[in-house]
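Remarks on the structure that follows.
Shown next, in the form of structure tokens:
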């Protein structure tokens, strides 16, 4: 008998609680396990604990913005291979930024799930 694989874990780094709850609802509805972080430093700490399959990341956060969090995640051997999908209102990407996906707020559930699924598939 083949055992079903455990659900993928997505870390959502988002400082806007209502937006976090929307993202969480969409992901959990699609069968993902969701962890949440309201700040960049909290997200970095959670990502380093292991067991995170993908990270969604907002750009406009304090005290550490999403670009800085992205750079810290990519620089750390413990987190550098975790796929990262930006979910943000900022529609401009800095030159040289190589994320695994990008979703602009406001977004549709299908759009978010397609980008997450594609990023996870590419990481395998």
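Numbering (my numbering), first residue to last: 347 to 470. C-beta atoms are modelled at their ideal positions from N, C-alpha and C, and glycine is treated no differently.
State the Cα-Cα distance for the pair residue i and residue j, rounded to the nearest angstrom.
| i | j | result |
| --- | --- | --- |
| residue 452 | residue 424 | 31 Å |
| residue 408 | residue 394 | 20 Å |
| residue 428 | residue 399 | 6 Å |
| residue 363 | residue 412 | 16 Å |
Going by Cα to Cα distance, which pick from the options is closest to residue i?
| i | options | result |
| --- | --- | --- |
| residue 397 | 369, 381 and 465 | 381 |
| residue 389 | 417, 468 and 462 | 417 |
| residue 448 | 402, 357, 368 and 373 | 402 |
| residue 414 | 434, 387, 435 and 383 | 387 |
| residue 360 | 455, 351 and 410 | 410 |
| residue 445 | 364, 391, 431 and 351 | 431 |
| residue 374 | 362, 383, 419 and 459 | 459 |
State the beta-bridge partners of residue i as determined by DSSP.
| i | result |
| --- | --- |
| residue 382 | 358 |
| residue 433 | 449 |
| residue 400 | 356 |
So residue i and residue j are supposed to be a Cβ contact under 8 Å. How far apart are they, rounded?
| i | j | result |
| --- | --- | --- |
| residue 434 | residue 461 | Incorrect: roughly 12 Å between the Cβ atoms, too far for contact. |
| residue 366 | residue 358 | 6 Å |
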